[in-house]
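Sequential numbering from 14 applies to the sequence shown in this note's numbering.
Glycine included, C-beta positions come from ideal geometry on N, C-alpha and C.
What you are looking at is a predicted structure, and each value in this text was computed from that prediction instead of being measured.
Structure record follows, encoded as structure tokens.
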Amino acid sequence: IKFESIWSSYEKGQHEDCLEEYVGEEYFDCRYFAKDLKATAGSTTTSRVKPSTVDPTSDFAELTRSLAILHCRRLLLTILAASRSSNLLNDVPTELVGTFLKLVASYTSPASTVSDLFKAVGTMSPRLEVSLVQCIDDQIRMASRRKYAKIHWDCGVEAIVTSQLSTLHCSDGGMVPSVWHDSHVLAHPNVGLAEYLTTLLASKQPAPLVQAWSYALRSPSMTLKEKAFRILSGLVPHVPESALACIPTTRLHAMTVARLTKEAIHFPIASKYLQSLMELTSTLVVQSTCTTCILSTDHNNQRRIAHAIKTQHELDQLPYNVVQVGNTSTSCPPLVVPVLTREDDDDDDEMSSEDQNAAMSSSAAPMTAAAESRSPATGPPISASFLTPAQHQIIVAAQHGFKVLDDETPHGFDLGVLSDEASQYWSGQLSQHELLPLTTVPPVEKEEDEEIAAPPPLTIGCKVIRGPNWKWRDQDGGQGSIGVVEGISPWSGIEGEGMSVRWPNDALYTYRWGADGQYDLTHVQVDSDNHIVASFPTPQAPQPSTDRVHLGVIFRLHRTDNAAAAAAAGISGVVEYPDMNAVIAVAGQYVDESIQLVELGMIQGDVDMGWHAKYGCDRWVPGTLYELTQDGIHLHGQYSHSLWQPEAKTWVPIQGRVQAQSQHLFALDKQATFAASLSVSDDGLAVTCTSGEARNLSLGTVGFSSGIHYWEVRVDHAEFGSVFLGVCEKHVKGQPSLNLGRWQGWGFVNFRATYHNSTERIYGVAFDGLKSDRHVKTLYPCIGLRKAGDQVTLNGKWVSHPGLSSTLLYQDHVELQSVLHAWAGADDVLPLAFMQASYAFYCRWRTNRYRRVSIRAKGMTIDVDTSVERCVQAEGLWMRQKKRLCWVRVYRNRLWYRVETQGNEGGDEGRGYAWYWDPIELPELVLIQRSGIDIGQSDTTTIPPPSPESIPTRSRLLGFDEFLQLAQGTYAKDIPLVDHINALCATVGVDVVNLPFEAVAEELQPRVAVLMMLNQKVLRSLPLVRFHDRSVLRHLTFTSTKLSFWDATLKATATPTPLPSDEYEDPREIRILRINRIQAQPSKLALCFRRAYTGKGHGGQKRAFKVKFLGEGVNDYGGPYRAVFEQIVDELQMDQVELTKGEQGLLPLLVPCPNRRSGSGTNQDKFVLNPSCGTISAAVGPIALELHRFLGKLVGTAVRHGLQMGLDLPSVVWRPLVGLPLNRHHVEDIDVVAFNTLTKLETMPLSRDAVEYCKQFTFTTHLSDGT
């Protein structure tokens, strides 16, 4: 590698590569709700900006001259556009074409200024095409430089872009130009012009355009890269694969996964930047001939490993500048650091502040310590005879730092949906001797059951002296003074962490007793003469064991057919280490209740940091072998791996124990419990407060960093406000371990309060701050107790979903795009893997056994088994009562029920959500009906035989080849089929996923199964899809799929409303809107229209405010709230009143369409937006714009709250809102006269009469911006 040649030929700004940078992210953080950018946005200047001192006379002369030049250019543009006999623009010199176009084009809408010109140039000459491509290339190269990173190229306001560009002159110490000159226009790029010219040349010069726009990928600007992603997505399908070498495909894939991880916390909301990036990477995969190479990590691993070893060898051969860092001893050679230097660059190419900080922090690290604990290059050899060759290959790749995809854990039949096909869940702990190999005799250790007697609690009346953290001089009267505890007081707002002590000098002070781990007192025992006879140690938070390493662990395992031995069953899955935030793929075999597993490769986590406690080095090492035994709900055994000995520089074997169970989501960890006042039961299911007034914690054995996890506890005994239930981090930044002597994290206290950072809020809302896009948090379940005698027990009801990793979501989205690409193709041959998945769904759907339901854990759905046989196996019941329907299904060998009632008013709890019974609860239930047949209370075991007419007639099961033939179809035939299924679902009253198999005609069932499988993928990827008018998804997506995404979006974007202290009162955020309908005097107040609060007794009506009609004596329980929206519509569409000339209607926002005014044509009841609203006077323009925004907010509020607004708006209003194009037939719907006139003009032959006829159609109108 010739670095000298690179640096010698380095041109400033040309080699800068900022693909992974995100400058201008504030333009994409607002998700679906765009920010209101003002004309002064980006024009804020620094202290270097010089004030403008322009002479008004010369300024006027310069302005007049510029205006004259603009008129001349406009005249030249008109001549060129009108010249149809010869292409005058083809004769312009190549270097002047771009200059002329930049001078006449705008930044935000260049098509409005130069489109007529290119309409006249019907056929471009090759010379003109080359000139335009060069113009595009120049603009993109210039815009990709760092100085333009903060320019908002997507803004639709010209003044904002020019204002941001004008501030760039300040970087040279100049001042903001008062007049925008030609020199300023030519000195800066015009991305809008480049984008418009690309649309003209896309079909003629796709390969050069790909090369030009690929330079935008180097820019740190997110707005420019978003444009490049979108444009390249349209160009890539039209170029050969060899022309895509300029696109960094591999880096784009990694960047997509990283961005998806960053935005996954906002799902189902995604930025258009992520949507465009996903579209580009998916298009690259679909068009590539090596799709399987991109999607599979274990494909040709040997080649990748060999390349990694070769690269490492080349780096080792590079010349180094030797720099000795730190002090070195004679026994340790000096640390040698390779340094590569280069000359300073121009300010234009400076590193960002984040890059500089990262470089400074890395160079300032203590290198000597890193050298002493340097990890080995590779791990020890691994031997496991039961692994397949492919699994051995994964281990070899893992030894060189490669990760694997998250395809080792089936979450269920469908991704994101729990079902009995999911992996078996086990949670527990690993225990091993710390850095103690098997060759060394372990020290004698104390039995785990042996407990050390705890010191007596410090209570009122106890005697104390100065403690280990005393810093209060002689407040006690001097050394050796004995005081008496007179009260237990708070310290820094935390109860129980302060002790009020009376000293012999009659002084009374409060001291720390556990606050921040500090103890100012020592508890002593005195005799009758007040002499100290015993002193007790201060309570200490439990420290990590010095002789053992305890790690929480989660196993998710499932059976496979990949066993190497014929007599064994294959088993695979993942093992999670919450303490390291790591997920490891495992595989093995299952023989006679014995499980053998080997850790293969890392799916999630850091390979090179944080593993010293387990492996003796910072690296994770593949090959840990587990020998486990399954005993009912328990999983126990041993594991072994190699331990690195840095002194001997060799690997030695070591063993540890595994204890796990599957009945509970987690158990309480004795190692992470404040042992001074909390006691955990032997089975880890209950915690009891034994003494004290402090707020102490007990943590769970495992934590979670992703997914949805729900568990229930039973409060056996508690006083008011003495129990805290929540989650917290185990490792807090800046602290060696968590202080268990105080409540931490996020949670709820048992007096209707939320708790976080020592702050309580009565009846608070759910915590949204737990989501973090900067650092992945591992949160552990925690239980806090305060009063002696308090006890909390895990009741065993839980449900857990690990979540879908970003890699898995990305792979699923790419597969969807591949399917859609094939669906829209001419041959309509769908991928074989997709058809195999569709056939599996067809076989499962045909059984009519499964039903998908939402459960009590918010955002989680499961597939339950509805068969009677399965219910009986699980000691099941089937209940049906009048006025209430309770059905019973099976999942995870538990009986799940759902009561079809209205549920609790004021919340979503109980509204059709499913949950399950424990076995101990079943004897309390009585069987009423099974399979539609009434059963007496005495007979609860016999299953009544079904009647012949109740048995549905099923068609025979198709084979896969026959299924492929019958499932063939075309996109044109699928559109009416989707409409038919939508109508069928509306008739049956179910979602498409729960549509009965027999409800669909036999000949349509295979193709419907394919469409249903497609919609399951669409539902997961819908937030990542950028829709356009040519998207096939518009017609292939079922209505229930769209509504599921729509409802999820509304819930994700709703503003939470804190509940009041009294549940029958309204929150203070719900304001009262007082309206006097008699005198027509409404009130003004600031409202949050994205709020959706449901109060008690309001019939489930969501609201953002309350309404009070003055003088009418009406209470708003839903009716007045709906009446306000109805009255708004009536006032908007009241066109019988003429306020001023030209303003017909009570409010000027809507005007009747021409067909309504003339009384001709169709749609005579429709209204359109008034384009002249606010244009009569410039002063009322901003007010009219605010009125339109207010109308949009009202429409959005009505949608969120389920209100119907009778706005009679035609398709010309609704279609642009959903991204659909308009044509002349939509004009006919509102103005039949204009449509007939245009048709006549097109068909009229050219004559003198035609010219005279056309003169009457010259008109002038005002747009909404006043122009």
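Under the three-state DSSP convention, the category residue i falls into
i: residue 810; result: strand
i: residue 11; result: Lying before the first or after the last residue shown, residue 11 is absent from the chain, which here runs from 14 to 1280.
i: residue 890; result: Below a pLDDT of 50, predicted positions are generally treated as unreliable, and residue 890, at 46, falls in that range; the measurement from the model is reported next regardless. DSSP places residue 890 in coil when its eight states are reduced to three.
i: residue 1064; result: helix
i: residue 486; result: coil
i: residue 791; result: coil
i: residue 1011; result: helix
i: residue 1101; result: coil
i: residue 728; result: strand
i: residue 1084; result: coil
i: residue 657; result: strand
i: residue 743; result: coil
i: residue 701; result: strand
i: residue 870; result: coil
i: residue 909; result: strand
i: residue 1258; result: coil
i: residue 238; result: helix
i: residue 662; result: coil
i: residue 1168; result: helix
i: residue 970; result: coil
i: residue 737; result: strand
i: residue 479; result: strand
i: residue 516; result: coil
Cβ-based burial, residue i [other Cβ within 10 Å; buried from 16]
i: residue 846; result: exposed
i: residue 1132; result: exposed
i: residue 518; result: exposed
i: residue 657; result: buried
i: residue 1168; result: buried
i: residue 402; result: exposed
i: residue 986; result: exposed
i: residue 5; result: Residue coverage of the chain in this structure runs from 14 to 1280, which leaves residue 5 outside it and unanswerable.
i: residue 635; result: buried
i: residue 1002; result: exposed
i: residue 1261; result: exposed
i: residue 98; result: Reliability of the predicted coordinates at residue 98 is poor, the pLDDT of 48 falling under 50, and no value is obtained from them.
heavy atom of the ligand FAD below 8 Å from residue i C-beta
i: residue 202; result: In the structure on display, the ligand FAD does not appear, and there are no ligands present to speak of.
Opposing strand residues paired with residue i [DSSP bridges]
i: residue 274; result: None; residue 274 has no bridge partner.
i: residue 502; result: 511
i: residue 582; result: 603
i: residue 40; result: The partner list for residue 40 (beta bridge, DSSP) is empty, contrary to what the question assumes.
i: residue 692; result: 701
i: residue 1284; result: Coverage of the chain is limited to positions 14 through 1280, which leaves residue 1284 absent and any answer about it impossible.
i: residue 928; result: 910
i: residue 1121; result: 1087
Whole-number beta carbon distance between residue j and residue i, since they are thought to touch under 8 Å
i: residue 678; j: residue 627; result: Contact flag wrong, Cβ pair sits at about 24 Å.
i: residue 615; j: residue 600; result: The pair is not a contact, with the Cβ atoms about 14 Å apart (cut-off 8 Å).
i: residue 795; j: residue 711; result: 7 Å
i: residue 826; j: residue 675; result: Going by Cβ atoms, the distance from residue 826 to residue 675 rounds to 33 Å, so no, they are not a contact pair.
i: residue 292; j: residue 1039; result: 5 Å
i: residue 859; j: residue 878; result: With 8 Å as the limit, residue 859 and residue 878 do not qualify as a contact, their Cβ atoms being about 15 Å apart.
i: residue 1223; j: residue 1179; result: 4 Å
i: residue 1005; j: residue 1051; result: 5 Å
i: residue 476; j: residue 539; result: 5 Å
Every unbroken beta strand (DSSP E) within the segment 607 to 657, with a cutoff of 3 residues, ordered by chain: 607 to 617 and 638 to 644
Length-filtered (4 minimum) alpha helix (DSSP H) runs lying within the segment 158 to 226: 171 to 179, 195 to 200 and 204 to 214
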